[in-house]
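>
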Amino acid sequence: MNELDQAHRLIELARQAALNAHAPYSRFGVGAAVLLDDGSVITGANFENASYGLSLCAETVALASASAQGRLADVVAIGVIGGPMDATGRPTGTAPVSPCGRCRQVINEAAGMSGRDVLVWCGAAEGDAVSRYLISELLPDAFGPGDLGLGPKS
Numbered sequence: 009m010n011e012l013d014q015a016h017r018l019i020e021l022a023r024q025a026a027l028n029a030h031a032p033y034s035r036f037g038v039g040a041a042v043l044l045d046d047g048s049v050i051t052g053a054n055f056e057n058a059s060y061g062l063s064l065c066a067e068t069v070a071l072a073s074a075s076a077q078g079r080l081a082d083v084v085a086i087g088v089i090g091g092p093m094d095a096t097g098r099p100t101g102t103a104p105v106s107p108c109g110r111c112r113q114v115i116n117e118a119a120g121m122s123g124r125d126v127l128v129w130c131g132a133a134e135g136d137a138v139s140r141y142l143i144s145e146l147l148p149d150a151f152g153p154g155d156l157g158l159g160p161k162s
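Residue numbers (this note's numbering): 9 to 162.
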């Protein structure tokens with residue numbers, strides 16, 4: 009699968025996942041789709057909580073699901089979309105959304121486990137706008153296991 013096909017697939021699956029976002033407080037729905045090395049995909053949607061600090065981002069949900077399946081070391085790429093929710097709960101907007109700082113750190117952990125510089129596709133809730141990054145570009149000089157003496161410093 010070429011990169012353009014990969015981007016379209018992950019963005020579309022992230023859009024589908026975002027329809028399941030539980031975002032009653034921010035009204036900002038986010039979906040994520042994680043591509044594994046065998047071509048399978050694990051999705052996630054943001055899950056907010058009245059105690060805001062307990063909320064979970066879509067990327068974290070998807071990566072935690074991959075980890076629960078013993079697949080964190082198999083992560084190749086992730087697609088992320090998001091936007092303000094309309095009256096039906098569907099995310100809208102044509103500007104690409106990128107992972108927050110916490111999610112960048114979580115993606116970086118998966119990258120360290122996989123030995124890959126994970127590809128991050130940032131898409132819009134609607135339309136064709138997509139940006140391509142490597143996690144090392146989104147989180148340069150990241151804190152990781154090497155900073156704890158648990159392997160080489162990245």
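By construction, the Cβ of each residue, glycine as well, lies at the ideal position given by its N, Cα and C atoms. Just so it is clear, the structure is predicted and the values come from calculations on it, not from any experiment.
Kindly indicate the opening and closing residues of the alpha helix (DSSP H) around Leu146.
Residues 143 to 146.
> At which residue ranges does the region 111 to 139 contain complete alpha helix (DSSP H) runs of 4 or more residues, listed in the order of the chain?
none
> For Val38, list the residues DSSP reports as bridge partners.
Gly90
> Which class does Ala99 belong to by DSSP, given the choice of helix, strand or coil?
Correcting the residue identity first, residue 99 is Pro in this sequence and not Ala. It is a strand residue.
> Looking at C-alpha atoms only, which residue of Thr100, Cys130, Val84, Gly91 is the closest neighbour of Gly120?
Nearest C-alpha to Gly120: Val84.
> So Ala31 and Glu56 are in contact, right, with Cβ under 8 Å, and what is the actual spacing, rounded?
5 Å
> On the three-state DSSP scale, how would you describe Gly1?
Residue numbering for the chain in the displayed model covers 9 to 162; residue 1 lies beyond these limits and cannot be assessed.
> State the Cα-Cα distance for the pair Pro104 and Asp155, rounded to the nearest angstrom.
32 Å
> Tell me which residues share the same chain as Glu134 and place their Cβ nearer than 7 Å to its Cβ, disregarding the 5 neighbours each side in the sequence.
Thr100, Gly101, Thr102
> Let me know if Glu11 comes out buried or exposed under the rule of 16 or more other beta-carbons within 10 Å of its beta-carbon.
exposed
> Mind the definition here: the region 110 to 128 touches the region 49 to 63 only if three or more C-beta pairs lie below 8 Å; say whether that holds.
no
> How is Gly52 classed by DSSP in three states: helix, strand or coil?
strand
> Compute the beta-carbon to beta-carbon distance between Leu71 and Val114, rounded to the nearest angstrom, for a pair I have assumed lies under 8 Å.
That pair is a contact at about 6 Å.
> Per DSSP, which one or two residues make a beta bridge with Val83?
Leu44
> Could you tell me the alpha carbon to alpha carbon distance between Leu64 and Gly91, rounded to whole angstroms?
16 Å
> Is it buried or exposed for Met9, if we count other Cβ within 10 angstroms and need 16 for buried?
Met9 should be labelled exposed.
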